[in-house]
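Below: one structure, written as structure tokens.
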Amino acid sequence: MRAVEESIFTFFELLLLVGILTYASATAPGENSLALVYGISQALPEGSCAVIMSASPLSLGNATLGKSVAVCKVGNETVVKPWPEG
Numbered sequence: 000m001r002a003v004e005e006s007i008f009t010f011f012e013l014l015l016l017v018g019i020l021t022y023a024s025a026t027a028p029g030e031n032s033l034a035l036v037y038g039i040s041q042a043l044p045e046g047s048c049a050v051i052m053s054a055s056p057l058s059l060g061n062a063t064l065g066k067s068v069a070v071c072k073v074g075n076e077t078v079v080k081p082w083p084e085g
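Going by numbering that gives the first Met the number 0, the sequence shown opens with residue 0, and the numbers climb by one from there.
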């Protein structure tokens with residue numbers, strides 16, 4: 000039982016760290032959104048998602064997606080969708 004608790008705790012620590020690093024990276028001036036999304040997607044386990052929030056609009060290529068996007072890893076693919084700002 001202790002091992003399960005430790006695994007769950009470690010997972011949430013990792014999730015918190017990714018969230019903090021994502022926020023810090025996304026709010027940095029001149030940040031390349033595509034590199035940020037790629038970096039986050041590489042850290043995610045398969046079948047999971049993370050929401051990236053930024054003080055400035057995030058863009059991929061010529062498309063501006065808004066100040067928050069959801070990044071999901073599905074198999075070898077990365078799915079990026081606008082996240083409702085509220």
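Ideal Cβ positions, reconstructed from N, Cα and C, are used throughout, including at glycine.
Going by beta carbons, K66 and A49 fall outside the 9 Å limit. According to DSSP, V50 shares a beta bridge with A69. By DSSP's assignment, S58 forms a beta bridge with T63.
By the CB criterion at 9 Å, V70 and T77 fall inside the cutoff.
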